[in-house]
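Student:
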Amino acid sequence: MKKILAIGLALALIFGMVTVAFAVSEEEYDQYGVLKIGTLMTYQERTRELQEWPSRLGEDLPANATYAFVIYDGETGQPVTDFTWLTEHYKVRTLIDEGAGFISAKPQLKLIEVADPVAPTEVQTMAAIVFSTADKFQMERVDYEMQISIYPDEKGEFGFVDDGNLDQNGVYHIELEGEIGYGETWVKVFTSVYRDAPIVVFNEAQEDLGEVELYFDSDYNWEITIIANGHLQKSLFLRLNEEVPQELEELYPAASLRAVFFDGHNKAFRKQIQMKIPAAPIEIDGELRAPYIYRYEDGEIVATVDAQYDFETQELIIKTHEPGDYIISDRKMVVTPPSKPSTGGNGSSSSKEDSTQEYWAEIKEKINGAEAGDTIYAKLEDGAMIPATVIDALKGKDINLVVTCQGHDYRLNGSSLPGYNAAAVYYTASEMIAMAGSAPIAGGQASGSAQPDGAVYNPETGGELPVELRQELISPAGVLTETQKDQAANSGLMWGVAAMALVLAGGLYIWHAKKER
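The numbering of the sequence shown is our numbering, which starts it at 1 and goes up by one.
#1: For the candidate residues E381, A361, V187 and A424, whose alpha-carbon lies nearest to that of C405?
#2: Would you call D310 buried or exposed, if buried means 16 or more other Cβ atoms sit within 10 Å of its Cβ?
#3: Ordered along the chain, which non-local residues of its own chain (more than five positions away) have a Cβ less than 8 Å from that of Y90?
#4: For a quick check, are the C-beta atoms of K136 and F83 less than 8 Å apart?
#5: Leaving out the 5 sequence neighbours to the left and right, which residues in its chain are closer than 6 Å to I441 when beta-carbon positions are compared?
#6: Buried or exposed: which applies to P323, given that a residue is buried once 16 or more other Cβ atoms fall within 10 Å of its Cβ?
#7: Which of the three DSSP states is assigned to D392 in this structure?
#8: Is it buried or exposed, L248, if we count other Cβ atoms within 10 angstroms and call 16 or more buried?
#9: In angstroms with no decimal places, state the Cα-to-Cα distance between I277 and I224.
#10: Name, in chain order, the residues that DSSP records as bridge partners for T42.
#11: Distance, Cα to Cα, A436 vs F269?
#12: Once you ignore the five residues that flank G396 on each side, which residues in its own chain have a CB closer than 8 Å to its CB?
#13: Taking 8 Å as the limit between beta carbons, can you name the residues of its chain near A197, skipping five residues before and five after?
#14: Mapping DSSP to helix, strand and coil, what is K397?
#15: Which partner residues does F262 have in the DSSP bridge list?
#16: How about the region 112-132 and the region 55-63: do they share at least three Cβ pairs that are nearer than 8 Å?
#17: Looking at Y67 and F131, is the spacing between their C-beta atoms short of 8 Å?
#18: Taking the C-alpha atoms as reference points, what is the distance between L209 and L257?
#19: Is the beta carbon of F237 sitting closer than 8 Å to the one on D325?
#20: Report the partner residues of M146 according to the DSSP bridge assignment.
#21: Straight-line CA distance for T320 to D116?
#22: Among D167, V189, P253 and E145, whose alpha-carbon lies nearest the alpha-carbon of E177?
#23: Measuring CB to CB, does L394 end up less than 8 Å from I367?
#24: Less than 8 Å between the C-beta atoms of A279 and P291, yes or no?
#25: As a quick exercise: from R295, E287, P281 and I293, pick the residue whose alpha carbon is nearest that of E312.
#26: So the beta strand (DSSP E) M275 belongs to, where does it begin and stop?
Laid out in structure tokens, this is it:
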């Protein structure tokens with residue numbers, strides 16, 4: 001009897017819970033029965049900031065940004081927070097007629113966290129339709145056209161506040177049409193470049209524009225400065241990024257790391273620039289020294305940077321043609337040299353040819369912008385040729401062009417170019433090597449080759465090789481020296497004696513075994 005009462009009580013409790021659940025669900029259904037879609041806003045996920053998009057800007061959107069339409073309860077005006085209920089009864093579909101490649105994340109229903117403007121530590125969660133524009137570093141603005149449609153469920157129990165965007169089937173449509181691009185900064189003698197306006201425009205009409213200073217706001221309450229010659233300089237994409245890669249933080253947890261990255265592809269100046277990066281000195285063995293600075297490429301620390309350090313102003317000073325990606329550290333880091341790029345080839349496809357032409361055009365531009373004593377580096381693939389325009393640009397200048405070719409580095413100096421021909425169209429590898437004086441520069445020899453001091457070194461260990469191997473490397477292929485002949489004869493004699501001893505030992509063993517049996 002007690003068991004029956006217990007089972008009945010349990011069933012009563014279960015049915016009671018189901019009744020309550022249904023009651024709550026119906027109350028939520030009634031609460032969120034009609035929705036209101038908010039206006040276009042910008043959303044910063046990192047800072048949890050939500051700001052209304054100015055209507056005066058229309059629907060022209062900045063690239064590399066996130067946007068949101070907050071969803072409100074049509075009766076109370078409060079943001080919808082029940083995301084499960086929302087996704088069960090509403091679906092979002094998107095049609096992009098133009099500019100699809102510049103929308104990095106299509107519109108979707110999403111819960112976002114928004115900080116209270118008055119009390120930033122207090123966060124409110126709300127539902128919204130969220131999408132993002134792509135970060136492609138394009139110099140020109142691109143057109144886009146997008147339609148966002150929100151469908152209520154087929155039961156017809158739910159809908160929207162009619163603000164003129166409903167069709168006859170009760171579907172809510174948001175039409176967006178305009179341009180996607182980056183803000184512009186027009187250069188004057190002293191110019192601040194902000195992250196939301198990274199396209200730096202040098203007014204080409206200002207032919208008398210000489211030295212200019214560009215200031216980039218840093219997250220560390222100081223400014224990074226680029227001093228450049230603005231004369232006839234083309235527009236560039238320059239955006240400072242100071243986010244330290246997570247893998248480096250994990251690899252060097254005890255180090256104090258700073259990143260100075262310049263995003264974008266089009267960031268090479270015509271002439272050499274001077275970059276000043278504020279950085280405090282570090283203490284090593286009780287002495288103040290310059291902090292370490294490295295070049296960062298493709299997820300690796302690839303080289304130390306040749307930078308001067310001003311202890312008075314506490315600045316690292318770099319001379320270059322193109323702002324790179326730098327890591328500043330208070331500790332030494334492991335350097336992984338990159339493999340040299342495959343450029344200057346003679347591929348048959350038009351895309352390869354275009355790439356080759358662009359490569360040498362860039363080398364020529366760097367030569368034209370270089371100053372006396374500067375060194376420019378290039379690589380010549382096997383079988384490829386150097387356009388004569390590059391050598392023409394180098395001619396008569398005290399500028400070094402170091403060309404990697406056939407496993408060696410050759411230095412050409414514009415003040416002396418033997419074999420230069422003003423009528424040439426291309427120069428072959430052999431002609432280039434002749435211009436360089438035929439000898440590769442120190443450190444540019446192939447593995448195991450003879451060094452200037454006449455010794456030969458092991459490419460694996462760096463130690464000096466034995467005399468036999470040294471002679472073998474230095475002697476012409478296929479020709480034996482007298483020493484090598486003697487070594488070969490002695491070696492043959494030794495092998496013959498060893499073979500005879502082995503045969504004799506075997507015979508004695510067999511004779512002894514037979515005797516025992």
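Using N, Cα and C, we set each Cβ at its ideal position, and we do this for glycine too.
Tutor: Once the coordinates are examined:
#1: E381
#2: exposed
#3: L35, L109, I150, Y151, P152, D153 and F158
#4: no
#5: D409 and R411
#6: buried
#7: helix
#8: buried
#9: 5 Å
#10: Q51 and Y67
#11: 27 Å
#12: G414 and S415
#13: Y182, G183, E184 and T185
#14: coil
#15: L240
#16: no
#17: yes
#18: 37 Å
#19: no
#20: I96 and L176
#21: 45 Å
#22: E145
#23: yes
#24: yes
#25: P281
#26: I273 to P278
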